[in-house]
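Numbering (our numbering), first residue to last: 765 to 1099.
All residues carry an ideal CB built from backbone N, CA and C; glycine is no exception.
One structure below.
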Amino acid sequence: MLRAIDRERYRVIPVGVTRTGAFVLEDDDPDKFALDPEHLPEVADNGTRIVWPDSTLTRELKVTDAAGTRSLGDVDVVLPILHGRFGEDGTIQGHLELLGIPYAGGGVLMSALGMNKHVAKRVLKAAGVPVVPWVAVRRADLARQRDLWERRIRSLGLPVFVKPNQAGSSVGVSKVSAWDELDSALDVAFAEDSTVLVEQAIVGREVECGVLQGRDGAPPRVSVAGEIVVSGREFYDFEAKYLDAPGVDLVCPAVLHEGELAEMQRIAAQAFEAIGGEGLARVDFFFTGTEFYVNEVNTMPGFTPISMFPKCWIASGMTYPELISELIDTALARG
Ligand SMILES: Nc1ncnc2c1ncn2[C@@H]1O[C@H](COP(=O)(O)OP(=O)(O)O)[C@@H](O)[C@H]1O
Ligand SMILES: [Mg+2]
């Protein structure tokens, strides 16, 4: 995004978050954040500290370093391009709400819903969106009533997918093809979250659409579909998502009949509206050839050069810089 954003329109102040939660002033250098599988980019503590506005009366961002504190100028909008806990779950969004600074993407509730697979599935189901049958189980449930929960899980039938309720990026996700693999899959998922989902594995294609909030109350816009074609791997795992590992191809546009695409786009808009309808989302589906199931709604989808969301919008006729401008303009219009 640093590379693609329209520099004629926007002045960018890159802010990074270190592992221990310090907001630091980053270098405005896209090359520094290239996704090199051998060396994943990391925000280091460079000694600077971002000083957020001290009330809603000001939008002035400052930075403190060894030389003292200086102004970075007034901020019009924040782009919280962050995945996972604290970044995508409503936490940073709440921080920005407190500061009164407009930001791109979903608000607190929508972001929190998008991160919580169990609650999101309940909300989607209640709104009439087709979702994959699942059992959500807490570590404490298993400790107390092992037999009952195992029966519930087994009633889903093999194979199943086991995944942490709140993680993302395929972290902690495993496919279980035999029941003696269940315990270790649960351990891997419980390492990420105290609530875990066990889901029927859907045999079919994995297809996704990008959704953008409509302007001035207009209905959401849905991109053409993209497909994740998994050939040489068990599923779409972390390595395939971020490290360009072989065995997975992102195809856009996906080959679908016109009626199929229209059905998928209709459900994508319905899912987007059901969880809040703000900003953007990537709605992920499984398509069995006859039925579409929504797997999940990602409120801050991947934005790397190999990510599906930008690819789908580019295939729908937008440029990458236009897509970023669109997110910013929507955020400013929402104020
Ligand atoms: N019920 C399922 N049936 C088939 N494949 C699944 C199922 N659940 C997950 N997967 C596979 O695992 C990947 C990661 O699971 P997902 O639920 O999307 O978690 P994450 O939030 O980490 O992306 C999916 O992209 C898909 O390849
Ligand atoms: Mg996913």
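Item                                                                                                                                                                : Value
Skipping 5 residues on each side, what residues in its chain have a beta carbon closer than 6 angstroms to that of G780?                                            : V788, E790, V807
Tell me whether N1059, by its Cβ, gets closer than 7 angstroms to a heavy atom of ligand 1.                                                                         : yes
What separation, rounded to the nearest whole angstrom, lies between the Cα atoms of T1052 and A965?                                                                : 11 angstroms
Could you give the uninterrupted runs of the beta strand (DSSP E) lying entirely in the segment 791 to 816, keeping only those of 3 residues or more?               : 813 to 815
Measuring only the C-alpha atoms, how far is T1063 from Q1034?                                                                                                      : 14 angstroms
In whole angstroms, give me the CA-to-CA distance for R1030 and H803.                                                                                               : 40 angstroms
Is any heavy atom in ligand 2 found nearer than 7 angstroms to the beta carbon of D957?                                                                             : no
At a threshold of 7 angstroms, does D905 count as lining ligand 2 (C-beta to nearest heavy atom)?                                                                   : no
Just verifying my parser: in three-state terms, what is the DSSP assignment at T1094?                                                                               : helix
Look at the Cβ atom of G990, then the Cβ atom of M1072, and state whether they are nearer than 8 angstroms.                                                         : yes
Measuring only the C-alpha atoms, how far is G869 from D911?                                                                                                        : 42 angstroms
What span of residues does the beta strand (DSSP E) with F1050 cover, start to end?                                                                                 : 1044 to 1051
On the three-pair Cβ rule with 8 angstroms, is the segment 989 to 1007 touching the segment 946 to 964?                                                             : no
I'd like to know whether the C-beta atoms of V889 and V895 end up nearer to each other than 8 angstroms.                                                            : Position check: residue 889 holds Lys in this sequence, whereas Val was assumed. Yes, the Cβ-Cβ distance between K889 and V895 is below 8 angstroms.
Which residues in the same chain have their Cβ closer than 7 angstroms to the Cβ of F1049, if we skip the five residues on either side of it in sequence?           : V971, E972, M1028, F1056, Y1057, V1058, N1059
Does at least one heavy atom of ligand 2 sit under 7 angstroms from the Cβ of D947?                                                                                 : no
For G878, is the classification buried or exposed, using 16 other Cβ atoms within 10 angstroms of its Cβ as the cut-off for buried?                                 : buried
Can you tell me whether R773 is helix, strand or coil according to DSSP?                                                                                            : coil
Could you spell out where the beta strand (DSSP E) holding A900 opens and where it closes?                                                                          : 898 to 902
Considering just the uninterrupted stretch of the alpha helix (DSSP H) at S919, what are its terminal residues?                                                     : Element bounds for S919: n/a, residue is neither H nor E.
Counting along the chain, where does the beta strand (DSSP E) carrying T855 start and finish?                                                                       : Not the beta strand (DSSP E): T855 falls in the alpha helix (DSSP H), residues 855 to 863.
Leaving out five residues on either side along the sequence, give the residues of the same chain with a beta carbon under 7 angstroms from the beta carbon of G871. : Q857, G1040, E1042
Looking only at C-alpha atoms, which of A830, T833, T820, T828 sits nearest to D840?                                                                                : T820
Which same chain residues, not among the five before or five after A1108, have their C-beta less than 7 angstroms away from its C-beta?                             : Because the chain in this structure spans residues 765 to 1099, residue 1108 falls outside the shown range and cannot be described.
Who are the Cβ neighbours of N880 in its own chain at under 7 angstroms, not counting the five residues just before and after it?                                   : N929, Q930
Taking 7 angstroms as the cut-off, is the beta-carbon of D1185 closer than that to any non-hydrogen atom of ligand 2?                                               : Here the chain covers residues 765 to 1099 and nothing more, so residue 1185 does not appear.
Can we count Q964 as close to ligand 1, meaning its CB is less than 7 angstroms from some heavy atom?                                                               : yes
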